[in-house]
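In the numbering used here, the protein residues as written are 47 to 578.
Note that the Cβ used here is the ideal one computed from N, Cα and C, for glycine as well.
As the structure is a computational prediction, the values presented were derived from the model and not from experiment.
Remarks on the structure that follows.
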């Protein structure tokens with residue numbers, strides 16, 4: 047049993063005798079406390095203190111009651127309690143003011159904490175962040191904190207009602223764990239579902255000057271779209287993976303036309319098929335037509351009208367136009383932005399204006415180095431910026447944005463860290479980095495993403511640490527490939543050794559004698575018989 051100080055909203059204080067007491071902490075999250083207690087003995091008074099604003103204090107940190115689950119047994123009720131760090135009181139703060147444009151980190155933290163008992167401390171130097179036309183504020187305090195963390199790519203931790211902001215939290219080289227030496231087991235999980243190896247980006251939009259005409263004008267209309275899409279027929283060749291007039295594949299052609307009209311679109315078909323609502327025939331001008339099941343499409347074309355399509359067909363045909371009925375698609379997708387641009391609207395107002403296609407100060411692609419190693423090209427959703435105006439800066443932003451590694455988590459059971467292990471005094475805090483070695487002898491640099499630590503020694507308590515190897519090194523795959531080659535070589539050698547030991551003789555290896563050799567053998571045997 048552990049004694050945990052408790053205080054209710056009226057100021058009454060007591061100590062609850064609790065068991066199965068655990069603290070869970072995760073990077074950029076609010077720590078949580080969990081425990082159970084029986085409403086008997088001195089805990090009877092505690093039962094009456096469970097309610098709104100009840101707080102518990104563990105290791106000098108306060109936690110606010112989140113949930114209470116009393117379960118009766120034969121004699122008394124057993125409570126299962128969860129509480130969230132006092133910093134979650136930020137969720138009860140609503141700041142209606144907003145900030146926009148270029149802002150300092152301090153200004154945004156002032157907005158978050160104004161009128162509250164919260165304080166903050168900034169560790170390190172941070173440049174201003176340009177929110178562009180976006181705003182920060184008009185939300186709960188914890189939402190503002192999340193926006194700050196995303197805008198400045200920073201991390202935070204709490205000391206009661208003080209928020210500490212840093213570029214990265216934790217200490218370097220703070221632990222060493224070896225499987226079955228100072229930990230009971232190490233397991234890991236690799237998630238490749240959100241891994242991409244290519245991304246296209248758009249910089250800030252160019253300012254458009256509207257044009258006027260004394261006659262009737264229209265917005266971007268269907269005739270213009272049809273003529274533009276048809277202008278490439280018979281002229282642009284088919285090139286797998288291409289996306290320019292030098293050569294394109296089916297999805298590259300569609301993306302090129304859409305981007306020309308200011309509607310962001312990016313290869314491949316499995317990305318394009320989700321950029322709108324699924325529709326069926328009759329199709330409209332600008333609809334994207336797909337072949338294959340949704341999620342695994344293999345071809346796309348553009349509808350010119352309800353009867354005709356244009357597409358990059360194949361290497362033999364190039365860019366072609368043909369009836370939709372000649373090869374009916376499995377489904378269509380209607381993009382709302384393109385659909386809005388293609389609504390024919392006319393006016394005779396002499397002051398009417400023509401909307402020009404959206405253009406950008408810069409565009410760029412970033413391709414992961416893994417593609418050169420043989421990993422397939424997987425396109426992430428396009429990235430846009432309201433502030434970037436040069437290609438080099440855009441490429442740096444794309445490189446930082448691209449998630450070209452699997453999400454890897456190592457998990458291990460918590461051992462007794464009070465004493466030194468392997469001559470190293472391990473320090474366990476979220477954000478700390480160190481080394482682990484699995485049972486195969488592989489050393490991996492990891493960072494503590496979260497942990498659950500039980501404070502009492504009750505049987506069945508299972509404390510765990512979760513590590514995240516966020517920047518997954520491709521050298522790990524190179525090591526695995528070498529291990530595979532070594533294993534295959536050993537298996538081959540073992541098979542040869544076993545075959546030699548068993549003295550296996552195959553049918554085509556059986557020795558034979560010629561007629562002369564048989565005659566000589568008979569003569570030799572006969573001469574020996576006579577000698578006897």
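Just so you know, the alpha carbons of residue 478 and residue 92 end up roughly 37 Å apart. In summary, residue 317 is buried, with 16 or more beta-carbon neighbours lying within 10 Å of its beta-carbon over all protein chains present.
In the DSSP assignment, residue 198 falls within the alpha helix (DSSP H) that extends over 187-198. Residue 247 counts as buried, since at least 16 other C-beta atoms from the protein chains shown sit within 10 angstroms of its C-beta. Looking only at 447, 389, 378 and 382, the smallest Cα-Cα distance to residue 412 is reached by 447.
Annotation for residue 423: 243, 244 and 417 place their beta carbon closer than 6 Å to its own, counting only its chain and skipping 5 residues before and after.
Listed in chain order, the alpha helix (DSSP H) elements of length 4 or more contained wholly in the segment 105-179 are 151-159. In the structure shown, residue 80 falls within a strand segment according to DSSP collapsed to helix, strand and coil. Here residue 319 is buried. Its C-beta has 16 or more other C-beta atoms within 10 Å. Beta-bridge partners of residue 49 (DSSP): 63. One alpha carbon belongs to residue 297, the other to residue 125, and they sit about 58 Å apart. Collapsing the DSSP output to three states places residue 529 in a helix. Residue 74 and residue 497 have their alpha carbons spaced roughly 13 Å apart. In this chain, the beta strand (DSSP E) harbouring residue 499 covers 489-500.
Cβ contact annotation for residue 348 (same chain, cutoff 8 Å, sequence separation greater than five): 275, 299, 300, 303, 332, 333, 334, 335, 355, 356 and 357, in chain order. Distance from residue 309 to residue 378 at the Cβ level is roughly 16 Å; contact not present, criterion being Cβ atoms closer than 8 Å. Bridge partners of residue 201 according to DSSP: 212. Distance between residue 172 and residue 442, taken at the CA atoms: about 18 Å. When beta bridges are read from the DSSP output, residue 235 appears opposite 455.
In this structure, the alpha-carbon of residue 294 lies about 24 Å from that of residue 352. Residue environment for residue 311: buried (at least 16 other C-beta atoms within 10 angstroms of its C-beta). Unbroken beta strand (DSSP E) stretches of 3 residues or longer found wholly inside the segment 344-376: 345-349, 354-358 and 365-369, given in chain order. Counting C-beta pairs with one atom in each stretch, the segment 142-155 and the segment 98-108 have fewer than three that are closer than 8 Å, which means they do not touch.
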